[in-house]
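One point on numbering: in my numbering, the residue at position 148 of the sequence shown is 751, and numbering is uninterrupted.
Even for Gly, the Cβ is constructed at its ideal location relative to N, Cα and C.
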Amino acid sequence: MLLGCVIATYRPLLNETPFDPNVQQDRNLSYFYYAGSTISHSYDTELLKQVLQEYFTQNTIVASVPPERGLYVRVYQTRSPRSPTIFENLSQFSLTVIPYYCDAVKYIVDYDLYIDTVLKKTYRYEIREKSLNWIGALPFFWVNFLTNHQSNAFTATIHQFIRDARNEGLL
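Here is the structure:
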């Protein structure tokens, strides 16, 4: 696909789920991040660690198994299983001369919250992508610099998870 011909934005928006300083805790947190078929994407792993350290002021460490005592979060980010539509295929075969608009779930992010090795709850969030694929959009590719990026949407799901777990009394 010609990337210059795509204008895309992702949801949720970061300003819909801002950092809440009232949620900061003086506790340790262990976490594990799994992205699709690979164990870790370094950018998303660092982003996850950075955001979690805003909330948990003590050690925030990566661990593949839950510790015997304390909080543990297992994060799974996977691509949404979606087959391309006939219009999407037609647009790609025409090298985007035929425009195609997509509004679909691109990623699913699951947060499994463990307390003392016991799974307490799984939180699931969707990252939606809205995109226009069209050769006519090429002169306007710069609009992508003004739209919400995928990493901002991922950060917003972390804030949503912290907020939801806090509201349910699990954090």
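Around the Cβ of residue i, are there at least 16 other Cβ atoms within 10 angstroms (buried) or fewer (exposed)?
{"i": "phenylalanine 764", "result": "buried"}
{"i": "isoleucine 689", "result": "exposed"}
{"i": "methionine 604", "result": "Only weak support is given to the placement of methionine 604: the predicted model assigns it a pLDDT of 47, under 50, and the question is left unresolved by the model."}
{"i": "glutamine 781", "result": "For residue 781 there is no data in the structure shown, the boundaries of the chain being 604 and 774."}
{"i": "alanine 666", "result": "exposed"}
Tell me the DSSP secondary structure of residue i in three-state form.
{"i": "isoleucine 718", "result": "strand"}
{"i": "serine 633", "result": "strand"}
{"i": "asparagine 662", "result": "coil"}
{"i": "threonine 612", "result": "strand"}
{"i": "leucine 650", "result": "helix"}
{"i": "leucine 735", "result": "strand"}
{"i": "leucine 668", "result": "Sequence check: residue 668 is valine here, not leucine. Coil at valine 668, not helix or strand."}
Which two residues bound the contiguous alpha helix (DSSP H) that contains residue i?
{"i": "isoleucine 761", "result": "753-770"}
{"i": "phenylalanine 701", "result": "Phenylalanine is not the amino acid found at residue 701; the sequence shown has isoleucine there. Per DSSP, isoleucine 701 belongs to no alpha helix (DSSP H) and is neither H nor E."}
{"i": "phenylalanine 690", "result": "689-696"}
Measuring straight from C-alpha to C-alpha, what distance separates residue i and residue j?
{"i": "tyrosine 726", "j": "tyrosine 613", "result": "19 Å"}
{"i": "tyrosine 728", "j": "threonine 760", "result": "6 Å"}
{"i": "asparagine 747", "j": "leucine 616", "result": "15 Å"}
What are the boundary residues of the beta strand (DSSP E) that residue i is part of?
{"i": "leucine 674", "result": "674-682"}
contact_flag[the region 715-726, the region 670-688] where n(CB pairs < 8 Å) is 3 or more: yes
The region 691-710 contacting the region 654-673, beta-carbon criterion three pairs below 8 Å: no
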